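To convert a position in the sequence shown, counted from 1, into our numbering, add 16. Below is one structure, written out as structure tokens; comments come after it.
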Amino acid sequence: MTTQQEIDPHAEPSGTGCLECEQNGGWWFHLRRCAACGHIGCCDSSPMQHATRHAREQGHPILTSFEPGEDWFFDDRDGSVGHGPVLAGAQNHPEDQGVPGPAGRVPEDWQRRLH
Numbered sequence: 017m018t019t020q021q022e023i024d025p026h027a028e029p030s031g032t033g034c035l036e037c038e039q040n041g042g043w044w045f046h047l048r049r050c051a052a053c054g055h056i057g058c059c060d061s062s063p064m065q066h067a068t069r070h071a072r073e074q075g076h077p078i079l080t081s082f083e084p085g086e087d088w089f090f091d092d093r094d095g096s097v098g099h100g101p102v103l104a105g106a107q108n109h110p111e112d113q114g115v116p117g118p119a120g121r122v123p124e125d126w127q128r129r130l131h
């Protein structure tokens with residue numbers, strides 16, 4: 017059961033890219049947003065899997081896609097997928113932001129590096 021603390025519709029996204037990858041010069045495949053605090057992290061297919069790590073370390077189990085055209089929510093505890101409220105701020109990264117991204121940091125063999 018989702019509690020009010022697990023989804024905060026007022027929490028703004030932390031940026032337009034994975035917070036940790038931006039800090040350490042990494043790259044990502046797809047982006048996920050924490051529904052509790054707005055943290056933007058890279059998906060589980062990405063090399064560093066920051067979104068799930070954040071969810072588990074912070075006790076914020078509900079993630080949502082931060083990809084254009086996707087509006088699903090994911091519960092990391094049981095793997096269920098569903099819908100949730102509209103969250104504050106941007107609903108996805110800018111459409112001109114490449115996938116994978118960010119431009120200039122994605123290795124040529126990026127497909128081989130996915131999980």
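Don't be surprised by glycine CBs; every beta carbon is placed ideally from N, CA and C. Computed from a predicted model, the values in this text were never measured in an experiment.
- Query: Just reading off the alpha helix (DSSP H) that R72 is part of, what are its end residues?
  - Reply: 66-74
- Message: Pull the bridge partners of D91 from the DSSP assignment, please.
- Response: I78
- Message: Just to check my reading of the structure: C115 and H55 have Cβ atoms closer than 8 Å, yes? What is that Cβ distance to the nearest angstrom?
- Response: Note that residue 115 corresponds to Val in the displayed sequence, not to Cys. About 19 Å; that fails the 8 Å criterion.
- Message: Taking the alpha-carbon of P29 as reference, which of G100, Q39, F82, P118 has the nearest alpha-carbon?
- Response: F82
- Item | Nearest-angstrom Cα separation, counted from D112 out to E22 | 30 Å
- DSSP beta-bridge partners for V97? F90
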